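**Q** Residue numbers (the working numbering): -15 to 69.
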């Protein structure tokens, strides 16, 4: 094959590759996943709040935010149970 023929074959395959890319581009872009929204919104705990272990099965005995109440007790923000200081 001469140099001109090789150049023409290479140009042909470049044109084919560009045509395939142009046809597949929109299809591939259409199936990309969209942005995932945040799963939780985080906010600072109220003033004076403490992270204490909740003793109820409602909260699963996990550490949750407890807000101060009159009399020195703390109320769980998850289930409402009171805990002494």
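Glycine included, every Cβ here is placed at the ideal spot set by N, Cα and C.
Computed from a prediction, not measured in an experiment: that's the story for all the values here.
1) Just to confirm my understanding: we take residue -3, look at its own chain, exclude 5 residues before and 5 after, and list those with CB closer than 8 Å. What are they?
2) Kindly indicate the opening and closing residues of the beta strand (DSSP E) around residue 48.
3) Suppose the cutoff is 7 Å on Cβ atoms and the five residues either side in sequence are ignored; what does the same chain contact list for residue -5 look like?
4) Tell me residue 37's beta-bridge partners as DSSP assigns them.
5) Identify, in the order they occur along the chain, each residue of the same chain with its Cβ nearer than 6 Å to the Cβ of residue 37, setting aside the five sequence neighbours on each side.
6) I believe residue 51 touches residue 33 by the beta-carbon criterion, under 8 Å. Please report the beta-carbon distance rounded to the nearest angstrom.
**A** Here's the rundown:
1) none
2) 47 to 52
3) none
4) 47
5) 47
6) 5 Å
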